[in-house]
Amino acid sequence: MTQAIHYPEDAGQSPHTALLGSEFVSFDAATQTATMRFAVKREMCTWRGGVQGGLVAGYLDDVMGYAYVAATGGEMAPLNLDISMSLIRLIPEGATIIGKGRVVKAGQRVLFLEGELLAEDGTIYARSTSTAIPTPRPTPEVTGLER
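For the sequence shown, this note's numbering begins at 11 and goes up steadily by one.
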């Protein structure tokens, strides 16, 4: 797993990160775009053999959130007000998916984010947009959730 100054040190230990099989790949400051890789686990899938729709939102939320976290040098994190997504294709069990999240606009009181999930060959699985508010990035120590 690649680590950089903007990548939270505890992200590899986050319960949701482990569940999603998240791996941070890169952040492009010029385009405010984060790239992540996800390994689709069986636990995320329905009997159809693909990721359950609500859980697709989790992947999209993760990559959009990391774009903003990275853009703020790890200081801030988005708190979603809404997420809208389009499920374009079934994401198959066992797939490796590439997530791209972008900060479209970041103000002091509102953020606009977008994301997409792609197959390794570039085939699009899902797209999303999010409206969020900027908040200090939570840590287990600050939230009291440290174990």
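Just so you know, even glycine gets a beta-carbon here, dropped at the ideal spot from N, CA and C. Keep in mind it's a predicted model, so treat the numbers as computed, not measured.
The DSSP-derived three-state label of Arg52 is helix. Collapsing the DSSP output to three states places Leu100 in coil.
At the C-beta level, Arg147 and Met95 stay beyond 9 angstroms of one another. Residue pairing from DSSP places Pro144 in a beta bridge opposite Pro88.
Inter-residue distance for Arg137 and Thr27 is about 20 angstroms (C-alpha atoms, whole angstroms). Boundaries of the beta strand (DSSP E) around Asp38: 32-38. DSSP lists Ser96, Glu126 as the beta-bridge partner residues of Arg137. Leaving aside the five residues that flank Ala77 on each side, the residues in its chain whose CB is nearer than 7 angstroms to its CB run, in chain order, Gln42, Thr43, Ala44, Gly111, Arg112, Val113, Leu123.
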